[in-house]
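So the number in my numbering is just where the residue sits in the sequence shown, counting from 1, plus 2.
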Amino acid sequence: MRQRNIIVPQMTEYDALGSVWRPYLMYFHTPDYTSTVVNTDTEGFRFSTFKSQRVSPTSLVTDREHHVLVGGSTAFGVGAESDDATIASHLAQITQTPWLNMAGRAFSSVQEYLLFAAYQAELPRLGTVVMLSGFNNLFLAQRSLPFTPPLGSFFYQQAFQTGMEAGVQGRRELLKRALFGTPTSSPQQQRDLAEAIRLAVALTRRSLQLWSFIAEARGLKLVYALQPTAYWSGRTTHPKEAELFGLLERIDPALAATLTKLDDACYRQYREQLAMMCAELGVSFIDVNERLRSQNSASEWWHVDRVHYTGVGHRRIADALAQNL
C-alpha cells in the first residue's frame, strides 16, 4: 500500500484508525482517535463540523435540530482529507443545519439500524435521517457465507467464527490439528447475482421496516439513498483515479474480480428493486449515482478507490443529496 499512500496520504490514518469490539454491533471505530484527518468522539463516532463546531452524538449543538447521516464507510467519509470534508460536514454547510455522522465502516443495513437504535434516545431533536447505503448488503449477499434475513451476514464473519470455534474447542482440538493437520475444504463459490440481489433487497426491506417504527414514533423523515460507486455512476475517470484503480487491482486481484461482477447491469436490477421496495414502504428514495451523472467532470478527482471518495467527491454527493431532500 506504500504507493497508494503516496498518492492519497490521508489513507494512512484510515488504516491506523482501527476498531474495537462492541456488543451487538460486532465492531466500531476506536474511540477518542485524534489526527489531522479523522477524529472520533468518546463512543467512536466521527466528528462532523457545523460553523466551525465539532458535532457528534456526544457533542450536540445547543438548542438546534440535528439531521443524521447513516451508512457504511462511504457515509463515514473514508478518503476525506479531514472531518470538514465528509458528506455530513458538507451537508451541514449546504443546509445550515448540523448533521451527525452516525455511519460505521463495513456496516450492513442491520448494523446501521442497531447503531442508531442504541443511541437515538440520547438525541432529543432530530429531523431527517438519510441512509446512504446499499453496496455492503449487495457485496455480502453475493459471497457464499450464510446470508439469511433478518440478520444477513457481516464483514470479518469468517475470522470471528474461526476465533470462536477455536475458543470453544479448546487446547485438545488445537493440539490435534497441530499434529494431524486441518481437513481441507473445497473453495467456496459466490452466489448467482440474481439471488444476491434478492437477498440484499430482502435484508434492506427488513431494516427499513424497523427504521419506520422509530421514524413514526419520533416524527422523523426517512430517506434511503443508494450510494454511488465508480462502477455505477458512469463517470469519466480522472487520471489519478485511473492510477489508483490500476494499482489497487494489482494489489488484490481477487477482490477486484469480485467487485467487477457488481457492474452496471447488476446495479440497474438492484436499483429498480430498491426503488420499488421504498415506494411500497413509503420511504423516500434517491439514487445518488443517477444524480452524479449530471455532474460528470473528468477534471475533478473524486475517488480514492472505486467505492470511496475524496473531499471533492463528498461535496458532489452532498450536493446531490441536498437537491433532493
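Each residue gets a CB set at the ideal place from its N, CA and C atoms; glycine is no exception.
Sequence-distant Cβ neighbours of His316 in its own chain, meaning closer than 7 Å and more than five residues away, are Gly79, Ala82, Ala87, Thr88, Ile89 and His92. The shortest C-alpha to C-alpha distance from Arg295 to any of Gly236, Val306 and Arg318 is the one to Gly236. Under DSSP, Asn103 takes part in a beta bridge, and its partners are Leu71.
When rounded, the separation of the alpha-carbon atoms in Glu67 and Leu222 is 11 Å.
Per DSSP, Ala258 has no beta bridge partner at all. Sorting Arg252, Trp303 and Val22 by C-alpha distance to the C-alpha of Glu243 places Trp303 at the top.
Cβ neighbours of Trp213 within its own chain (closer than 7 Å, five residues either side excluded): Tyr115 and Leu224.
Assignment of Trp23 by DSSP, reduced to helix, strand and coil, places it in the strand class. Residue nearest to Glu197 within the set Tyr226, Tyr272, Arg220 and Pro152 is Tyr272 (criterion: CA-CA distance).
Burial check for Ile319: the Cβ neighbour count within 10 Å reaches 16 or more, so the residue is buried. Sequence-distant Cβ neighbours of Arg308 in its own chain, meaning closer than 7 Å and more than five residues away, are Thr231, Ala232, Tyr233, Phe247 and Leu261.
Sorting Leu323, Gln325 and Gly313 by C-alpha distance to the C-alpha of Asp85 places Gly313 at the top. Selection Arg293, His69, Asn41 and Tyr35 evaluated against Arg56 yields Asn41 as nearest (Cα-Cα).
Relative to Gln5, the option among Ser301, Leu283, Asn298 and Glu251 whose CA is nearest is Glu251. Between the alpha carbons of His310 and Ser135 lies a distance of about 12 Å.
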